[in-house]
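Colleague: Using the working numbering, you'd call the opening residue of the sequence shown number 47 and step up by one each time. Think of the CB as a built atom: it goes at the ideal place given N, C-alpha and C, for glycine as much as any other residue.
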Amino acid sequence: MSDDYVLDGERTRIGFVAAHRVGGKVHGRFTTFEGAFFVNATDPAASTGWLTVQLESVDTGNARRDSQLRQDFFGTSTYPAMTFVATDVVPTDPDHVDVTGDLTIRGVTHPVTIPFTLTATPDEVLLETSHPINRHTWNANWNPLTTALIHPHVALSLSLTATRRA
47 MSDDYVLDGE
57 RTRIGFVAAH
67 RVGGKVHGRF
77 TTFEGAFFVN
87 ATDPAASTGW
97 LTVQLESVDT
107 GNARRDSQLR
117 QDFFGTSTYP
127 AMTFVATDVV
137 PTDPDHVDVT
147 GDLTIRGVTH
157 PVTIPFTLTA
167 TPDEVLLETS
177 HPINRHTWNA
187 NWNPLTTALI
197 HPHVALSLSL
207 TATRRA
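(1) Looking at L173 and L149, is the spacing between their C-beta atoms short of 7 Å?
(2) Counting Cβ pairs, one atom from each stretch, are 3 or more of them under 8 Å apart for the region 81 to 96 and the region 108 to 118?
(3) V68: buried (16+ other C-beta within 10 angstroms of its C-beta) or exposed?
(4) According to the neighbour-count rule (16 or more other Cβ atoms, all chains shown, within 10 Å of its Cβ), is G55 buried or exposed?
(5) Output needed for E102: all residues of its chain with C-beta closer than 7 Å, excluding positions within five of it in sequence on either side, in chain order.
(6) Let me make sure I understand the geometry here. Which of L195, V158 and H73 has the alpha-carbon closest to that of N108?
(7) Less than 7 Å separating the beta-carbons of R75 and G95?
(8) How is S93 classed by DSSP in three states: helix, strand or coil?
(9) Helix or strand or just coil, what does DSSP make of A127?
(10) Fully enclosed by the region 157 to 198, which beta strand (DSSP E) runs are 3 residues long or longer?
(11) Among the residues of its own chain, which have a CB less than 6 Å from the CB of G153, if the five just before and after it don't count?
(12) Comparing C-alpha positions only, which one of H197, P157 and T138 sits nearest to T129?
(13) To the nearest angstrom, report how far apart D215 and D105 are at their CA atoms.
(14) Tell me, to the nearest whole angstrom, how far the beta carbon of L204 is from that of T175; I am working on the premise that it is less than 8 Å.
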């Protein structure tokens, strides 16, 4: 049994938390994205999925910081999107899966494995996680000062709700 699912933009949240080394955290989110999953219930490893996030849609609640993130950290004029393409899905128990895939940020692609909590019904799939990535791996730095002042690990905070395609 296999099913196609598409992200529900109203119930999906794609965010992050970045910490300054001298205190304070910045919480942000992206408001423009799309994605889909193909779930193979009989062979979960054959499941696939993809996600594209428009980096211009970053929102931290501070317009100046958002502009700096777009221009200096993400380089949106050259690299407008962040993408993830799943290459392997491994159920670890009935409520959890590890999804490995290729994450591309600033034109740099590296494999990552992200553990998700899974809630599935016949009509929708909910995947949730808070998982750190090292922003240096994707060259998401502005200058030596921000490289030193902002912790390299950024927590991706994902709550992905996908509904079955008709």
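Modeller: So, to answer that:
(1) Counting from one through the sequence shown, the residue named residue 149 turns up at place 103. Counting from one through the sequence shown, the residue named residue 173 turns up at place 127. Cβ atoms of L149 and L173: not closer than 7 Å.
(2) no
(3) Indexing the sequence shown from 1 puts residue 68 at position 22. V68 is exposed by the Cβ-count criterion.
(4) In the sequence shown, counting from the first residue as 1, residue 55 sits at position 9. Classification of G55: exposed, given that the 10 Å Cβ count is below 16.
(5) Within the sequence shown, residue 102 is the residue found at index 56, counting from 1. Hits under 7 Å: R116, T122 and P126.
(6) Indexing the sequence shown from 1 puts residue 108 at position 62. For the residues L195, V158 and H73, the minimum Cα distance to N108 belongs to H73.
(7) The sequence position of residue 75 within the sequence shown is 29, counting from 1. The sequence position of residue 95 within the sequence shown is 49, counting from 1. Not a contact, by the Cβ cut-off of 7 Å.
(8) Reading the sequence shown from its first residue, position 47 is the one you call residue 93. Three-state DSSP puts S93 in coil, outside helix and strand.
(9) As a working mapping, residue 127 is identified with position 81 in the sequence shown. Of the three classes helix, strand and coil, the one that applies to A127 here is strand, per DSSP.
(10) 170 to 180
(11) On the sequence shown, residue 153 is found 107 positions in, with the first residue counted as 1. Y125, listed in sequence order.
(12) Residue numbering aside, residue 129 sits at position 83 when the sequence shown is read from its first letter. Nearest of H197, P157 and T138 to T129, Cα basis: P157.
(13) Look at the range of the chain in this structure, 47 to 212, and you will see that residue 215 is not part of it.
(14) Here the question's residue 204 lines up with position 158 in the sequence shown. Here the question's residue 175 lines up with position 129 in the sequence shown. The pair is a contact, with the Cβ atoms about 5 Å apart (cut-off 8 Å).
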